[in-house]
Amino acid sequence: MEVLIDIVDVTAVPGLHTNCYLVADDEMRQAVVIDPGGSPDAIVARIQALRLEVVWILNTHGHFDHIAGNGAVQSAVKADIAAHRASEPLYRARGGAGFFGIFLPAPAMPTHWLEDGDEIRFGNEALTVLHTPGHTPGCVTFWSQKHKVAFDGDLLFRAGVGRTDLPGGDFEQLLESIRNRILTLPDETVIYPGHGPETTVGEERRHNPFLQDGPRNWWI
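Position one of the sequence shown corresponds to residue 1155 (this note's numbering), numbered consecutively onward.
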């Protein structure tokens, strides 16, 4: 069996780009949508072009640039929305958009609350939920042991880490999540982040400046 991973570049507001992922069982065509943070028409068009049956909409966390398209995509595909329960306050705060002076409509709330260790099944594939707080209290990573891929939202980027200066952020907790939940995965695991290009666990273990000894005074 092969897993299909398709990336849609979406925007909640002009200039703010987020990676939305369509992850599918390539044979059965059942799929999940991870972080529809905007551009719902583009997401739905891609789903239709790939002839996918979406069974879950998954959010790595509750910031507006990862959830703004939840409602429109849900209306089109009729799938449940799932996120970690610790993200609930962010949904009720419209994803924190007001912190940036941005007004957005209230996002669609999750219909299913996730816990660490849950499995999300689609076709013959599955993603395991890893609770990885730090960027926000409710951040999760969706991990496929079978295919050695992880979708980690705003936890770990190529040569960077998620910002922790927003409400609920905790830098030491973020580093703990990376060290205990991500760096324990095989080095060949491909990391698909919420923004920017993919990387691997091994690459970040060796070269990410935040994971080396020495000063840490910048973030993404």
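Think of the CB as a built atom: it goes at the ideal place given N, C-alpha and C, for glycine as much as any other residue.
- The DSSP assignment places 1266 to 1268, 1273 to 1276, 1279 to 1285, 1294 to 1298, 1303 to 1307 as complete runs of the beta strand (DSSP E) inside the region 1244 to 1317, in order along the chain (cut-off: 3 residues).
- With contacts defined by Cβ atoms closer than 8 angstroms, His1349 and Ala1313 do not form a contacting pair.
- DSSP links Asn1173 through a beta bridge to Asp1163.
- Met1182 and Val1164 have their C-alpha atoms roughly 26 angstroms apart.
- Under the DSSP assignment, Ala1236 falls in the beta strand (DSSP E) whose first and last residues are 1234 to 1238.
- When rounded, the separation of the alpha-carbon atoms in Ile1211 and Ala1236 is 6 angstroms.
- If you compare the alpha carbons of Gly1292, Gly1252, His1217, Asp1160 with that of Val1198, the shortest gap goes to Asp1160.
- Annotation: the continuous beta strand (DSSP E) that includes Ile1188 extends over 1184 to 1188.
- Residue state for Asp1219 is assigned as helix, using DSSP reduced to three classes.
- Here DSSP, grouped into helix, strand and coil, assigns Glu1352 to coil.
- Taking all protein chains shown into account, Pro1321 has fewer than 16 neighbouring C-beta atoms within 10 Å of its C-beta and is therefore exposed.
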